[in-house]
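So in UniProt numbering, spot 310 of the sequence shown is number 310, and the numbers just go up one at a time. Accompanying notes for the structure given below.
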Amino acid sequence: MKEVPTAEDDSNLLVIILDTNPFVWAESAKAQTPLSLDDALRQVLIFINAHLALKYNNKVVVIASHVGYSKFLYPISDDDVAKHRISGHRNANMYPNFQFVMDQIVASLQELLSETDVSFLQTDTGTSSMITGAFSMALCYINRITKNDELGHIKPRILILSLSPDSAAHYIPLMNCIFSAQKAAIPVDVCKVYGEETAFLQQAANITGGIYVRVENAQSLLQHLMFAFLPERYARKFLNLPNQDQVDFRAACFCHKKIVDIGYVCSVCLSIFCSWSPVCSTCKTKFAFRPMVPPSGRGRSSPAVSSRGSPSLANNNSNNPSPSHP
1 MKEVPTAEDD
11 SNLLVIILDT
21 NPFVWAESAK
31 AQTPLSLDDA
41 LRQVLIFINA
51 HLALKYNNKV
61 VVIASHVGYS
71 KFLYPISDDD
81 VAKHRISGHR
91 NANMYPNFQF
101 VMDQIVASLQ
111 ELLSETDVSF
121 LQTDTGTSSM
131 ITGAFSMALC
141 YINRITKNDE
151 LGHIKPRILI
161 LSLSPDSAAH
171 YIPLMNCIFS
181 AQKAAIPVDV
191 CKVYGEETAF
201 LQQAANITGG
211 IYVRVENAQS
221 LLQHLMFAFL
231 PERYARKFLN
241 LPNQDQVDFR
251 AACFCHKKIV
261 DIGYVCSVCL
271 SIFCSWSPVC
281 STCKTKFAFR
291 PMVPPSGRGR
301 SSPAVSSRGS
311 PSLANNNSNN
321 PSPSHP
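And the structure:
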């Protein structure tokens with residue numbers, strides 16, 4: 001990731017992608033250390049207020065990664081404000097900007113959950129979160145804001161609060177988003193609140209220079225947010241923040257959308273396949289030679305075929321980045 005000069009007086013744009021998958025939150029609420037969506041939202045709102053309080057020109061955006069689609073929770077249009085009937089009454093004991101942000105986020109999330117038909121989602125669209133859709137929306141919003149910033153004082157970053165497991169079907173669009181964030185020098189932080197480790201989001205944090213933290217105790221979510229993700233990009237130069245000792249760089253095959261440890265990589269378009277095929281299904285290249293397969297009885301792979309137009313046998317379970325997508 002390219003270095004971007006930062007200054008103490010920069011405006012920090014924090015885009016939060018909140019996983020609102022109701023199925024995973026139901027499991028989290030029944031875990032050994034339970035954490036419901038309501039409790040998590042209270043802690044996230046405190047974190048947002050702390051980010052806004054750090055500097056007068058700090059900005060925040062919240063996007064919901066829901067089942068089947070993504071939606072902006074904040075900011076919302078004036079029509080949505082009138083639709084939600086957000087009260088103009090201000091609490092004298094709360095900073096007005098804090099209450100304004102909190103009211104919009106809570107109202108938008110309530111509407112999102114009230115419109116969710118659980119029975120329809122279980123039968124038609126599946127139960128995976130649209131992390132790629134929310135990621136794309138975040139990048140588009142950041143691009144629009146930074147284009148209007150002629151002086152370059154706005155320093156954006158993305159924070160993903162994840163609960164859902166990896167979806168191999170979303171591997172290609174997610175890698176597109178990761179490489180776009182890397183090219184735009186946008187760090188992607190990941191807070192794994194619940195569930196097993198996610199290989200794809202580990203790669204996102206590693207490639208873009210962000211921070212990946214897995215929350216062991218769900219009740220300490222606010223503590224992790226404050227200590228690991230609150231510091232801005234300028235302050236991170238002087239802090240010893242959590243880092244990743246090991247990164248899972250496994251990829252998903254393009255043919256069956258399965259996460260594979262060892263795969264065949266097309267030497268022309270770099271598509272990944274779980275089994276050898278004489279023709280690449282992505283770029284239609286016909287391979288001239290058969291690959292060198294691992295000897296029987298051994299677990300390690302043989303050297304990759306180097307001839308152009310032939311698939312190479314690649315081991316993705318290493319600490320080297322996985323091959324880029326076409």
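Think of the CB as a built atom: it goes at the ideal place given N, C-alpha and C, for glycine as much as any other residue.
Query raised in the report: Near L45, which residues of its chain fall below 6 Å by C-beta distance, leaving aside the five closest residues on each side in sequence?
Result: M102
For this session: May I ask which residues mark the beginning and end of the alpha helix (DSSP H) holding P22?
Result: 22-29
Determine the extent of the beta strand (DSSP E) in which G263 is found, giving its start and end residues. 262-265
| task | Return helix, strand or coil for S302, following the three-state DSSP convention. | result | Unreliable positioning characterises S302 in this predicted model, as indicated by a pLDDT of 42, which lies under 50. A coordinate reading is not provided.
* Asked: How close, in whole Å, do the beta carbons of L73 and L109 come, if the pair is a contact with beta carbons under 8 Å?
  -> 6 Å
Taking all protein chains shown into account, decide if Y69 is buried (16 or more other Cβ within 10 angstroms of its Cβ) or exposed. exposed
**Prompt:** A138 bridges to which residues according to DSSP?
**Reply:** None, per the DSSP bridge assignment.
**Message:** Helix, strand or coil, according to DSSP, for N12 in the structure here?
**Reply:** Strand.
Query raised in the report: With 16 as the cutoff for other CB atoms within 10 Å, does C140 come out buried or exposed?
Result: exposed
Hey, how far is the Cα of D166 from the Cα of D10? 34 Å
Discussion item. Using a Cβ-Cβ cutoff of less than 6 Å, which residues in the same chain neighbour E8 once the five nearest sequence positions on both sides are dropped?
Written reply: Y234
| query | Taking buried to mean at least 16 other C-beta atoms within 10 Å of its own C-beta, is N148 buried or exposed? | reply | exposed
| Under 8 Å between the Cβ atoms of Q182 and T208? | Inclusion of Q182 and T208 in the CB contact set at 8 Å is warranted, their separation being smaller than that value.
| Among E111, S114, T116, I76, which has the Cα closest to the Cα of F100? | I76
Tell me which residue opens and which closes the beta strand (DSSP E) that S70 is part of.
70-74
Buried or exposed by the 16-neighbour rule on C-beta atoms within 10 Å, applied to L239: exposed
Within 10 Å of its beta-carbon, does residue 327 have 16 or more other beta-carbons around it, so buried, or fewer, so exposed? This structure does not reach residue 327, given that the chain is present from 1 up to 326, and the question cannot be answered.
Query raised in the report: Terminal residues of the continuous beta strand (DSSP E) containing Y212?
Result: 212-214
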